[in-house]
């Protein structure tokens, strides 16, 4: 009888747990204007500083890239969790144009965008 009661309690506990997971998209934290301060990677792996003023503006669905105040590119994107070439699953900006996805890391007022392709770049931005 004790085993039956224990089994029923375990079964009830198991069935009352929820196994659904919701995809949480938090673009709020990366939204804003960001200034490029460094790039590293490529074949040589060198770190360089930009020779021109490069900025990006990130909204809920668009990334706008500016150089010296002139709009260069507008890209629509979504945020998805995908397998990264850097290892593991990472949140990424996935561009609807087909441009390579970028995983990102937000550290306070610093944003790191990692191109998800071999011999590509990591770009370091600071919030304006």
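Numbering (my numbering), first residue to last: 509 to 636.
C-beta: ideal position from N, C-alpha, C; glycine also.
Owing to the predicted nature of the structure, the values given are computational and were not obtained by experimental measurement.
Limits of the beta strand (DSSP E) - the one that residue i falls within
{"i": "residue 564", "result": "562 to 566"}
{"i": "residue 553", "result": "Careful: residue 553 lies outside any beta strand (DSSP E) and carries neither H nor E."}
{"i": "residue 592", "result": "Taken as a continuous stretch (DSSP letters only), residue 592 belongs to no beta strand (DSSP E), as it is neither H nor E."}
{"i": "residue 598", "result": "597 to 603"}
Of the listed residues the options, nearest to residue i (C-alpha basis)
{"i": "residue 545", "options": "621, 538 and 625", "result": "621"}
{"i": "residue 619", "options": "626, 600, 606 and 628", "result": "600"}
{"i": "residue 605", "options": "597, 586, 616 and 594", "result": "586"}
{"i": "residue 552", "options": "634, 636, 628 and 635", "result": "628"}
{"i": "residue 548", "options": "630, 625, 624 and 608", "result": "630"}
{"i": "residue 595", "options": "543, 560, 550 and 626", "result": "626"}
{"i": "residue 572", "options": "598, 597 and 543", "result": "543"}
{"i": "residue 537", "options": "616, 624 and 559", "result": "616"}
Assigned exposure category for residue i - 16 Cβ within 10 Å defines buried
{"i": "residue 632", "result": "buried"}
{"i": "residue 529", "result": "Confidence at residue 529 is low in this model, with a pLDDT of 33, below 50, so the placement of that residue should be treated as unreliable; the coordinate-derived value is given next. With fewer than 16 Cβ atoms within 10 Å of its Cβ, residue 529 is classed as exposed."}
{"i": "residue 613", "result": "exposed"}
{"i": "residue 566", "result": "buried"}
{"i": "residue 568", "result": "exposed"}
{"i": "residue 581", "result": "exposed"}
Under the three-state DSSP convention, the category residue i falls into
{"i": "residue 586", "result": "strand"}
{"i": "residue 626", "result": "coil"}
{"i": "residue 569", "result": "coil"}
{"i": "residue 636", "result": "coil"}
{"i": "residue 606", "result": "coil"}
{"i": "residue 580", "result": "strand"}
{"i": "residue 541", "result": "strand"}
{"i": "residue 509", "result": "Bear in mind that a pLDDT of 44 at residue 509, under 50, signals an unreliable position, so the model cannot answer this."}
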